[in-house]
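Data first, discussion second: the structure below is written as structure tokens.
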Amino acid sequence: MWELHRARTATIAAGALIVAGAALAAGVKTQPVAVRFALVADGKEVGCGAPLANLGSGRLAGKLHEARLYVYGFELVDAKGKHTPIALTQNDWQYADVALLDFKDARGGNAACTPGNPAKNTTVVGAAPQGAYVGLAFSVGAPVESLVDGKPVFVNHSNVEAAPPPLDISGMAWNWQAGRRFVTIEVIPPAAVIKPDGSKSRTWMVHVGSTGCKGNPATGEIVACAHENRFPVVFDRFDPKTQRVELDLTTLFESSDISVDKGGAVGCMSALDDPDCPAVFRALGLNLADSAPGANDAGKPSRPGVSPIFSVGAAASKVAGGKQ
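Residue numbers (mature numbering (1 follows the signal peptide of the UniProt record, and there is no 0)): -25 to -1, 1 to 299.
Take a look at the structure:
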């Protein structure tokens, strides 16, 4: 299954839109698809302002400050392993084949999500040709480019101020060459984070994005990054009607001491020399550096299709395991 998904992933943004768009335009019968996501920690659904418990190697309490990520290239998988792209509904949270998930609420505060005060966006919606599907595949990140109205457009490395939503979020942007932050997760421990020089920070941060990037998109040049730091997630079994995708903060921070910063940026911001990043990248399922001399797999998945922080759970609040 993974080899087929990997072949598509190289051109996933363009390929998904071509295949799905052509099928829908040709009058093929379709079915609506809604892929629900949930943020969990310590075996419970969190998000909005819900309190966090047992985070990191110190098993600390905490508060969620930020939890946003870009996802793209959604596909349904049939029993034979064939992947069928989902054509995403175009709205303020979805553009081309990219969607932004945001697990915080609009009000802020310290309360858990409620029907009257939900998280901003936790569901990816679209349509796919009618069929019998048993699995799901998607990738975390923003692709280099996608097709819009049959034309390639830059996605990751594009002007935030001129980009359509949800690519226009300044809080998800890095510098011009680095493009977007793919993942922004920030937590507030019970006491200030202590830096090596003795100074303090309120939050411990995980910012994931491409690094080692060269090229100028303003001149039409495609930016190439030495460390892409995108990763696919594939579930052999997934039913969007009864299940959801869960992102587990307990797993993400399991081997990290969120009470201190070991050096570099506070927490992990994808730098190869940041001592806090190896543990975070292992949890994501990414190689921070080459797995062996000459492997040339830095910034690539360590086990393609598997990310320890993602699993399948029941659509209700009860956490359930899923096969990847």
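Cβ coordinates follow ideal geometry from the N, Cα and C atoms, glycine included.
Straight-line spacing of the CA atoms in residue 169 and residue 175 works out to 5 Å.
In terms of CA proximity to residue 209, 110 leads the group 247, 284, 110.
Contact between residue 101 and residue 8 holds: CB atoms are separated by about 5 Å, below the 8 Å threshold. Sorting 258, 233, 202, 211 by C-alpha distance to the C-alpha of residue 55 places 211 at the top. Put simply, the backbone Cα of residue 113 is about 27 Å away from that of residue 89. For secondary structure counted as the beta strand (DSSP E) over 3 or more consecutive residues, the stretch 7 to 46 holds these complete runs in sequence order: 26 to 30. Comparing alpha-carbon positions, the option among 207, 180, 177, 134 lying closest to residue 191 turns out to be 134. Taking residue 237 as the centre and dropping the five residues before and after it, the same chain places the C-beta of 250, 251 closer than 6 Å to its C-beta, in chain order. Each residue's CA atom was taken as its position, placing residue 239 and residue 178 some 14 Å apart. Residue 242 sits buried, since 16 or more C-beta atoms from the chains shown fall within 10 Å of its C-beta. The alpha carbon of residue 201 has as its nearest neighbour, out of 230, 149, 265, 180, the alpha carbon of 265. For residue 78, the enclosing beta strand (DSSP E) stretches over residues 73 to 80.
Inclusion of residue 103 and residue 218 in the CB contact set at 7 Å is not warranted, their separation being larger than that value. In this structure residue 258 touches residue 226 by the C-beta definition: roughly 6 Å separates them, less than 8 Å. Counting only the Cα atoms, residue 17 lies some 29 Å from residue 247. If you keep only unbroken beta strand (DSSP E) runs of at least 3 residues inside the stretch 129 to 203, you get 158 to 163, 179 to 183, 186 to 189, 199 to 202.
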